[in-house]
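S.K.:
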Amino acid sequence: MMRAGGVTTPGGNYSTGTTVAGAGGGAASGAGGSMRDVWRALGFLKAHRRSVFTAYAAWIVANLLDLTIPLQVRDAIDLGIRGNDPDRLAIAVLSALGLYVGKSSINWIYTWSFHAFEADAARDLRNSVYRGLQRLSFAYLDRADTGQLIARATSDVEAVQNFLGHGMTGFIGAAGTYIVTLAYASTVSWELTLLSAVTVPPTLWAGISLSKRTRPQHAQVQQEYGSLTGRLQENISGVRVVKAFAQEESESRKFATGAERLQSSSLELARTQALWNPLLIALGGLGAIVVIVAGGYLVTWGIVTVGTVVAFQYYLNKLYGPARRIGFLLGQLARTQASARRIFELLDIAPEVVTRPGAKRLDVVRGEVVFERVGFEFSPGVPVLSDISLVAKPGQVIALVGGTGSGKSALTGLIPRFYDATAGRVLVDGTDVRDLDLGSLRRHVAIVPQEAILFSRSVRENIAFGKPESQVSLVEFAAERAQAHRYITRLPEGYDTMVGERGVTLSGGQRQRASLARAILVEPSILILDDATSSVDMETEHLIERALTEVMKGRTTFVIAHRLSSVKRADEVLVIEGGRIAERGTHADLISRDGHYRRIYDVQMRDQDELIARGGQVAAAEAAR
């Protein structure tokens, strides 16, 4: 089980108490959903009332025409054939033919309408799920199982879509057909109608029992499907690592194990259906036998005619068909309940970081960033940052140095409110970021992450991602400043070249420079470079740093770096250890101390700097001769 968050914001309690079963890969929801979830799903039909009304109006007309056909058959047998009246026979046959044609035409309208509202409602549901995924907080996504999220957005939506169309029309159609057919049949022979109702209660009992047994089984199947989808997605993304370490067989075995679990859950569901579905069919057949036998006796006793028995067989199919169909549809309802529960668990997750009512919009930003004794916890009682205080003046460069997991990225993530501080305050231009409009705040902050993420779009679209309306000249100017323009123009289609998923067709350095250009294009007041040069060679790093010297002018910049060459010109360097500021000062100050920064410097740069210094001394001596 996984909570939909876990950060207690300073402005209030934990943002949502929603518990999401299975979202992080845990057990499926024990209840497997309820009718309340189904009713919520049906709410997506409200916006398409016209199509729904058209579909069911057409269905009513088509069924009324259909139920009139047996009456023509009865007249053809009793009056036309047995009464030796050719004219009456011809009228009955032509009437039946006309009713069939009319029914078929109306059925076309019904079928088209219900497919229309099914597709429209499914589109709205998919859009809602996608918007729900976009609203999820970083804290939630840090713990979520990607496969489960994908399964909810695909197979679960498909299951609900099927019910909104075929399932719901099946239920309403079956119930309506049964009631109307029962009324028609009773006018033909109330005796046969009573006999036909004998097996209806056990048929409905069998259908309801099937639904109760299969509902948790459907939930388990969806859960296993989500887990398998997650493993597939993970292995496709990491296929190079799998191949590089020759782990194809091992990963195939693990996938096969997940596939076997899915198969086992599916077979358990199939066994349950295999036990109960024949019973539903048998009960319908038993009812038909009862009517045929009893009808034969009633004919011999002169209570009903042969034509009545023949016509009633048509009504009998219309009676037992819906009863059996409702039983089968209850099985579909069980899957819909499970899928709807999984979808609404996702949609009900309240984002932890939201814009507060009355929040201030940021139009012009100077870029002053202040941390006032800030603390942060991903999980309660497990501090990530403690007592962080710093002031970054507009245009200053603040470098963050420290080991992996020391809290550097978490610290910068508090500025655009990817997370909210659990203690203290983070201020931008003197205002607590929690009192700022979230969208306007983030539009003034640009981030170049350590792992450059590009989308399966053109290079131009990737660079213009933050400002899609940007002119071509501005995109190219940003690329030039990021030292990316030269390699882009050498691509097969230049800026219109499509990059693979996650930018896989570009090298690491090329992706990083495109990511930097994307940040430059939005002209941020605050720039965050999260180890942005870690994926490039020394020559490219030098080119990017030269470009950044110009780009960072007038912008408050936070540089997270493992290479000290990236932080030498910072106005202040903060050494983060265990979520606290262990050392602070300029590069020159810190290397003069015997601290953590000095030890890093000795390993990375001391020999290089001494070599440069000796080279300068030699050059000066030669010049003095």
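Our numbering applies: residue 24 is where the sequence shown begins, and numbers increase by one. We put the beta carbon where it would ideally sit given N, CA and C, even for glycine.
1. Given that a residue counts as buried once 16 or more other Cβ atoms are within 10 Å of its Cβ, and exposed if not, what is Gln243?
2. Could I get the ranges of all uninterrupted alpha helix (DSSP H) runs contained in the region 491-543, with 4 residues as the minimum, in chain order?
3. Quick check: what's the CA-CA separation for Pro406 versus Ser463?
4. Could I get the ranges of all uninterrupted alpha helix (DSSP H) runs contained in the region 405-440, with 4 residues as the minimum, in chain order?
5. Got a sec? Which residues, its chain only, sit under 6 Å from Glu141 by beta carbon, not counting five neighbours each side?
6. Here's the rule: buried if 16 or more other CB atoms are within 10 angstroms of the residue's CB, otherwise exposed. What is Tyr153?
7. Do you know offhand how far Glu562's Cα is from Ala174's?
8. Determine the burial state of Gly428: buried for a count of at least 16 other Cβ atoms within 10 Å of its Cβ, exposed for fewer.
9. Leaving aside the five residues before and after Ala81 along the sequence, list all residues of the same chain whose C-beta is less than 7 Å from its C-beta, in chain order.
10. Would a C-beta distance cut-off of 7 Å place Asp179 and Arg365 closer than the cut-off?
11. What number of angstroms, rounded off, separates the C-alpha of Arg149 from the C-alpha of Ala505?
12. Which of the three DSSP states is assigned to Lys576 in this structure?
13. Can you tell me whether Arg579 is buried or exposed, with buried defined as 16 or more other CB within 10 angstroms of its CB?
14. Please identify the residue among Asp443, His71, Gly426 whose C-alpha is closest to the C-alpha of Phe401.
15. Starting from Gly125 and walking both ways along the alpha helix (DSSP H), at which residues does that stretch end?
16. Using only the alpha-carbon positions, how far apart do Asp553 and Arg63 sit?
17. Thinking Ser412 and Arg389 are a contact (beta carbons under 8 Å), I'd like their distance in whole angstroms, please.
18. Which two residues bound the contiguous beta strand (DSSP E) that contains Leu552?
19. Enumerate in chain order the residues of its own chain whose CB-to-CB distance from Ala254 is below 8 Å, with the five nearest sequence positions on each side excluded.
20. Roughly how far, in whole angstroms, is the beta-carbon of Val392 from the beta-carbon of Val471, given that I think they are within contact range, below 8 Å?
21. What are the boundary residues of the alpha helix (DSSP H) that Arg466 is part of?
22. With DSSP collapsed to three states, give me the class of Glu568.
23. Do Lys431 and Ile599 have their beta-carbon atoms positioned less than 7 Å apart in this structure?
24. When you compare only the Cα positions, how much space is there between Gly125 and Lys235?
25. Going by DSSP, what residues sit across from Phe581 in a beta bridge?
26. With DSSP collapsed to three states, give me the class of Val329.
27. Please check the pair Ala182 and Ser362, which I expect to be a contact at CB under 8 Å, by giving their CB distance rounded to whole angstroms.
28. My output table needs one value for Asp179: the three-state DSSP class, helix, strand or coil.
29. Tell me which residues share the same chain as Ala176 and place their Cβ nearer than 6 Å to its Cβ, disregarding the 5 neighbours each side in the sequence.
30. At 4 residues or longer, and completely inside the region 193-247: list those alpha helix (DSSP H) runs for me, N to C.
31. Residues bridged to Asp455 by DSSP?
32. Can you give me the C-alpha to C-alpha distance between Leu437 and Val449, rounded to a whole angstrom?
33. Report back the beta-carbon spacing between Asp594 and Val420 to the nearest angstrom; my notes put them in contact at under 8 Å.
34. List the whole-angstrom C-beta distance separating Phe399 from Thr445, where the pair is believed to meet the contact cut-off of C-beta under 8 Å.
35. Please report how far the alpha carbon of Ala50 lies from the alpha carbon of Ile372, in whole angstroms.
36. Buried or exposed for Arg384, please, with buried defined as at least 16 other CB atoms from any protein chain shown within 10 angstroms of its CB.
M.R.: Working from what's here:
1. buried
2. 495-504, 508-512
3. 29 Å
4. 431-436
5. Leu187, Gly188
6. exposed
7. 44 Å
8. exposed
9. Ile129, Ile132, Tyr133, Ser136
10. yes
11. 37 Å
12. coil
13. Reading off the sequence, residue 579 comes out as Thr, not Arg. Thr579 comes out buried.
14. Asp443
15. 109-158
16. 43 Å
17. The Cβ separation is near 20 Å, so there is no contact.
18. 549-553
19. Per the sequence presented here, residue 254 reads as Arg, with Ala not at that position. Closer than 8 Å at Cβ, skipping near neighbours: Gly170, Lys277, Phe278, Gly281.
20. Incorrect: roughly 17 Å between the Cβ atoms, too far for contact.
21. 461-466
22. helix
23. yes
24. 40 Å
25. Ile421, Ile551
26. helix
27. 4 Å
28. helix
29. Val152
30. 213-219
31. Leu450
32. 7 Å
33. 5 Å
34. 5 Å
35. Confidence at Ala50 is low in this model, with a pLDDT of 37, below 50, so its placement is unreliable and the value that follows should be read with caution. In a straight line, the C-alpha of Ala50 is about 18 Å away from that of Ile372.
36. exposed
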